[in-house]
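Novice: Residue numbers (my numbering): 422 to 825.
Note that the Cβ used here is the ideal one computed from N, Cα and C, for glycine as well.
All figures in this text were calculated on a predicted structure; none of them were measured in a lab.
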Ligand SMILES: [Zn+2]
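Structure (structure tokens):
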């Protein structure tokens, strides 16, 4: 007797119809042979695509649905043609934190996480601002939400010193407190500091913290229209020096699009040495990391949602198919093989980037799956609809439980 049996599934890169038996949170059987045992719930996929659930490695979850609280100045500054005003945008967007309060943050967070569940986006690395304005309000709210959604949407809370470490005295202590409260990941944004020396201090301080708490690191690097930014390289070098291979993740790296090519190739090699992935969100800025070239160089790349209705991006619904659909246009990745690559970039690649254990559509893999209303990846992206069924930790999610 299984918990769930999925019949007639189309799998990616596989011929024929497949049957998937799920029990105790795991995929027990994945076979073309008929499965005769009974199951609590039988789903006939009818030849539709069944895949791993989606993973979002980058979401500013404490800021979701704050767009109404902002004026348009921050959005205009971030999205200026050359991204010269990225730092101004962050300073303008910080205004929302003057009245940060769990009372309004938590309902917004819940709304975003329910949407994530409906859209089969079951693992999220969520950034919580830690600075003199937000203090620990965002971290506490996201930790609460993490516990509420455990087993439905897994949230990794990343304590994130959005306004800098050297620029914002007292942030290192606040970051320590955030880790003591139970944050999962140490964040960073070294490029925001005023000097190269301060950028290095930022990276070193956050690295010390990650080592002390034995956590991964996620840093927003080189996120402005300045070809001379070097914090991606600095993070990779520090990661290699500390022997923390596979424990650091780079986000944005938009200045990469302006790097001279020989420098880009050196940095790409360092990233491979550090087993450090790059998260790109091409829809949230006019500049973005050199995704196709990184892929050609054999680097690990994934896509992120980044923002949902805040000072940096007005849309978003935690739907990673929608993110891939947008990226398909922005990156000109519209051939069938490129669509498959994009699909990897919202499933297995991000799972690797944030070290999710036992992720994947395989026997004895964790049963986090989506049954789509589409025969193939092209159709899935064309309509980017919510899956027909979402299975999280071996349990079928019901929309009625997750709607507001
Ligand atoms: Zn971001």
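Is the CB-CB distance between residue 659 and residue 632 below 7 Å?
Specialist: no
Novice: How do the region 602-610 and the region 496-503 stand: do at least 3 beta-carbon pairs fall below 8 Å, yes or no?
Specialist: Not touching, per the Cβ criterion.
Novice: With distances taken between CB atoms, is the gap from residue 566 to residue 580 smaller than 7 Å?
Specialist: no
Novice: Where residue 468 and residue 574 are concerned, what is the direct C-alpha to C-alpha distance, given to the nearest angstrom?
Specialist: 27 Å
Novice: Quick check on the DSSP output: what are the complete alpha helix (DSSP H) runs of length 4 or more inside the region 524-576, in order along the chain?
Specialist: 558-569
Novice: What do you reckon, is the C-beta of residue 727 under 6 Å from a heavy atom of ligand 1?
Specialist: Yes - ligand 1 has a heavy atom lying nearer than 6 Å to the Cβ of residue 727.
Novice: Take every Cβ of the region 783-791, pair it with every Cβ of the region 810-819, and state whether three or more of those distances are shorter than 8 Å.
Specialist: yes
Novice: If I measure Cβ to Cβ from residue 720 and keep anything under 7 Å in the same chain, skipping five residues before and after, which residues do I get?
Specialist: 689, 692, 693, 699
Novice: Take the Cβ of residue 439 as the centre, count every other Cβ of all protein chains shown within 10 Å, and call the residue buried at 16 or more, exposed below.
Specialist: Burial check for residue 439: the Cβ neighbour count within 10 Å reaches 16 or more, so the residue is buried.
Novice: Taking 7 Å as the cut-off, decide whether the C-beta atoms of residue 470 and residue 431 are in contact.
Specialist: yes
Novice: For the region 691-724, which segments carrying the alpha helix (DSSP H) assignment without a break, of at least 4 residues, lie completely within its bounds, in sequence order?
Specialist: 712-717
Novice: Let's test the definition: count the other Cβ atoms within 10 Å of the Cβ of residue 668 and tell me whether it reaches 16, buried, or not, exposed.
Specialist: buried
Novice: For residue 477 versus residue 725, is the C-beta distance shorter than 7 Å?
Specialist: Yes. Within cutoff.
Novice: When burial is assigned at 16 or more other CB atoms within 10 Å of the CB, is residue 883 buried or exposed?
Specialist: Nothing about residue 883 can be read from this structure; the chain reaches only from 422 to 825.
Novice: Please classify residue 748 as buried or exposed, where buried requires at least 16 other C-beta atoms within 10 Å of its C-beta.
Specialist: buried
Novice: Can you give me the Cβ contacts of residue 536 inside the same chain, cut-off strictly under 6 Å, excluding the 5 residues immediately before and after it?
Specialist: 738, 739
Novice: Since residue 802 contacts residue 746 with CB under 8 Å, what's their CB separation in whole angstroms?
Specialist: 5 Å
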